[in-house]
Every structure is written in C-alpha cells, then in structure tokens.
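Here is the structure we will look at.
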Ligand code: UD1
Ligand code: UDP
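In our numbering, the protein residues as written are 18 to 385.
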C-alpha cells in the first residue's frame with residue numbers, strides 16, 4: 018500500500034487543541050502518511066494561540082472569520098474554500114473533529130467530492146437538535162456521511178451502533194483532548210495570577226455557547242457574583258471568549274469586583290495548568306467537561322443538556338442549568354459542603370489514557 022494523503026481540517030480553538038496531537042503523531046510516520054493541515058480560520062486569534070503552542074504550521078488557511086459571523090457565513094465560506102483545495106490535493110481521507118460548523122461544512126465538502134471522511138470524537142449525543150445548538154446537528158450530520166468513526170468512549174460507540182452505523186467502521190480511541198492535556202500540565206508551572214490567587218479558593222469560569230448568549234449568560238454571571246460576594250475566601254479567573262456579545266455581558270455584570278479577574282483567552286498551556294490547580298470550574302464548555310474529570314476538578318456545567326454523560330456518571334460534573342437560582346444554590350453548596358465537594362473531586366479517566374491519537378493512526382494504517 019502506498020502513502021495515504023490525510024488532510025486534517027479544523028478551525029476553532031477546541032478543534033485545534035484536539036487535532037494538533039493527532040497532527041504530531043501522523044507526522045511521525047512520513048513513510049505511511051502525507052499529512053496536510055487545513056485551517057478554516059473560523060476562529061482567528063484563539064486558533065493561532067493553539068497552533069503556536071503546539072508548533073503546528075497549517076498548509077492551507079481559508080480565512081473565513083468575520084466579526085459577527087453567522088452560521089450562513091461560516092458554512093458557505095468553508096464550502097467555497099474547500100472545493101478548490103480538494104480538487105488540487107485529492108486527499109485519500111479528510112479528518113474533521115467534533116461538532117462545529119467548520120466540522121460539518123468541511124465534512125460536507127469532502128462528501129460532495131466523494132472523499133472519505135474520518136470523524137474524530139464521533140458519536141456524542143444529546144439527542145436534542147436544539148441543545149447544544151447548532152452543535153448537536155453538526156455532529157449528527159458528520160456522522161451521517163463519514164466512513165471512519167473515532168469514538169472517544171464506549172458510550173459514544175453505543176450511540177453510533179443505535180443509529181445502525183457499521184461496527185467495523187467504529188474505533189473506540191479515547192479523546193485526543195486528553196493527549197493534549199498530558200503534554201501541557203507541568204509540576205513546576207508558575208504564573209503571576211497563581212500568586213494573586215494564593216491563599217484563596219480559585220474558581221475558573223468560562224462561557225460562550227450560542228444558546229446561552231443574552232439573558233442566560235447574564236443570569237449565570239449574576240449568580241456567580243452573588244455567591245462570591247458571600248464567600249470572601251474565593252477568587253475567580255475568567256478568560257473571556259473573544260465573541261463581543263460574551264465580552265459585553267461579562268463586563269456589564271462582573272466589572273468592579275476585585276476578586277474576579279476578567280482576562281483575555283488564555284494560552285492552552287496556561288489554561289490547563291490553572292485547571293489542574295483550581296478549586297472548581299463553572300462553564301458551559303464541552304472540552305472542559307472532558308479535561309476536568311481526569312484532573313479531579315468539580316465542574317458545574319451551566320447547561321440543560323450534555324453530550325458528555327461519562328463525567329456526570331463518574332461524579333465530577335453536575336448539570337446545573339442556566340437559571341440564576343439553580344446556579345446560585347449549586348455553587349453555594351459546593352463551597353459550603355465539604356462532603357459534596359469531596360464527592361465531586363475524585364479523579365477518573367472516562368476519556369482515555371492520553372494515547373487516542375496513536376489509536377486513530379493505527380486504525381488509519383488498517384489496524385483492527
Ligand atoms: C464556535 C463553535 C462552537 C465551539 C466554540 C469554541 C460553531 C457554530 N460554534 O462557537 O461549537 O464550542 O467555537 O470556542 O461552530 N471571535 C474572534 N476571534 C476569535 C474567535 C472568535 O474575534 O479568535 C469572535 C468573532 O467576532 C466571531 C465570534 O467570536 O464572530 C463568534 O465566533 P464563532 O466561531 O462564530 O462562534 P463561537 O461561539 O466561537
Ligand atoms: N481553553 C483555553 N483557554 C481558555 C479557555 C479554554 O485554552 O482561556 C481550552 C480548554 O482547556 C479546552 C478548550 O479550550 O481544551 C475548550 O474550548 P471552548 O470552551 O472554546 O469550546 P468547546 O469545548 O465548548 O467547544
């Protein structure tokens with residue numbers, strides 16, 4: 018068998034964090050693979066941060082990001098950008114990741130060109146097309162058209178089997194996000210903001226989901242502030258997503274409160290090291306729900322649904338919805354009740370051992 022031409026396509030921060038480890042492993046096998054990296058640029062600065070950290074230089078960049086971009090802009094930009102690229106390169110397989118509009122549109126472009134698609138992080142489901150929106154559709158859409166299913170867990174494999182996907186095309190690999198985490202967290206890590214937080218319980222906050230923009234996000238921030246005002250031994254760090262709608266809401270609700278620092282998106286190396294050292298996390302992020310269990314950090318998930326039930330089952334994650342009172346009560350309990358905190362802070366490993374990329378590469382080589 019000759020060399021396989023593998024084109025990885027990704028465009029946002031979380032995709033990049035979970036695809037860069039795979040790029041690295043593929044590039045260790047130049048005899049078996051020609052590895053091409055195409056970024057759509059759905060994110061710009063937040064994508065570049067990750068590429069710099071992992072020293073990955075894309076072969077192609079579709080530059081799709083526009084301020085205030087809509088799903089129409091991203092989808093049409095990716096489809097139009099991918100066509101000439103696929104014509105020119107004719108890859109043997111296109112690898113996409115997860116559930117973003119980049120993932121869906123680039124998989125669709127490959128499908129239109131009749132290029133086989135491999136889906137990294139296949140099979141996650143909430144079974145509610147509106148939550149998370151539009152991610153649940155994106156993920157199901159990619160799984161409709163792909164040829165290789167790289168499922169992170171047995172639960173995601175089962176979701177795929179329930180939809181009659183062929184067992185022989187599904188590989189349970191673990192999540193490549195854990196591969197990334199094993200390279201970033203360091204014992205000797207130092208940062209001025211860790212010095213600032215020393216002696217306090219450090220809370221990490223992130224939020225960005227499209228369905229939480231507007232009033233839900235304001236409710237989240239008000240609840241967090243109220244709880245922290247009642248607990249003088251807490252400090253919080255909140256690296257705000259670059260979406261101006263998120264930034265405006267965060268500044269409106271949280272400015273002028275010294276114990277909560279609003280900062281720019283953190284480099285993934287910094288963020289993972291803060292995650293490893295914090296007391297607990299409040300977030301609506303997907304990726305953080307995978308990272309926190311392996312670090313034994315309790316997460317209050319400010320959403321109504323999750324496609325990552327493994328962390329809930331292992332006890333590290335708790336879905337708290339987006340009502341102000343729901344978040345207020347759950348956050349207060351976790352700070353005031355040592356037994357509740359203890360029960361949520363046992364490390365577990367539902368998302369793998371940090372070798373997911375190797376398993377994907379083995380499968381692409383034709384391994385069982
Ligand atoms: C996207 C994904 C979401 C993923 C999230 C990770 C879709 C529909 N959404 O949502 O699944 O969880 O990324 O963060 O694919 N912006 C910048 N610079 C950046 C990044 C974003 O300025 O580096 C601003 C732009 O104004 C942009 C806005 O943020 O218009 C929103 O970005 P977009 O990618 O459309 O949505 P996300 O909420 O980031
Ligand atoms: N992350 C980061 N810097 C930050 C906040 C998060 O590097 O300031 C990382 C985090 O560790 C996780 C990923 O970004 O790996 C999650 O990305 P995001 O929340 O943007 O998207 P989601 O996972 O919800 O799709």
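Every residue, glycine too, gets a C-beta built ideally from N, C-alpha and C. Owing to the predicted nature of the structure, the values given are computational and were not obtained by experimental measurement.
- Across the set 103, 310, 155 and 19, the C-alpha of 103 shows the shortest separation from the C-alpha of residue 53.
- Secondary structure of residue 78 (DSSP, three-state): strand.
- With a 10 Å radius around the Cβ and a threshold of 16 neighbouring Cβ atoms, residue 100 comes out exposed.
- With contact defined as three or more Cβ pairs closer than 8 Å, the region 128–144 and the region 107–114 are in contact.
- The Cβ atoms of residue 350 and residue 360 lie no closer than 7 Å to each other.
- For residue 256, the enclosing beta strand (DSSP E) covers residues 251–256.
- 7 Å or more divides the Cβ of residue 344 from the Cβ of residue 234.
- For residue 135, the pairing in a beta bridge is given by DSSP as 112 and 165.
- By alpha-carbon distance to residue 340, the top candidate from 46, 240 and 35 is 240.
- For residue 37, the uninterrupted alpha helix (DSSP H) run begins and ends at 30–44, by DSSP.
- Contact between residue 141 and residue 342 is absent: CB atoms are separated by about 29 Å, not below the 8 Å threshold.
- Secondary structure at residue 172: helix, using DSSP grouped into helix, strand and coil.
- For residue 216, the shortest separation between its Cβ and any heavy atom of the ligand UDP does not lie below 6 Å.
- Taking a contact as a CB-CB distance under 8 Å, the pair residue 295 and residue 219 counts as one, their CB atoms being some 5 Å apart.
- For residue 330, same chain residues with a beta-carbon under 8 Å away, outside a window of 5 residues either side, are 367 in chain order.
- Three or more beta-carbon pairs drawn from the region 39–59 and the region 370–384 are found closer than 8 Å, and the two stretches are therefore classed as touching.
- Under the Cβ criterion (8 Å, minimum of three pairs), the region 184–204 does not count as touching the region 143–157.
- A straight line joining the alpha-carbon of residue 77 with that of residue 301 spans about 31 Å.
- Residue 382 is not bridged by DSSP to any residue.
- Apart from sequence neighbours up to five positions away, the residues of its chain that approach residue 284 with a beta-carbon distance below 7 Å are 66 and 70, ordered along the chain.
- By the criterion of a C-beta distance shorter than 8 Å, residue 217 is surrounded in its chain by 250, 251, 252 and 276, once the five residues flanking it on both sides are discounted.
- For residue 186, there is no enclosing alpha helix (DSSP H), since its DSSP letter is neither H nor E.
- When the five nearest sequence neighbours on each side are left out, the beta carbons in the same chain lying within less than 7 Å of the beta carbon of residue 121 are those of 155, 158 and 159, in order along the chain.
- Looking at the DSSP output, residue 23 shares a beta bridge with 52 and 110.
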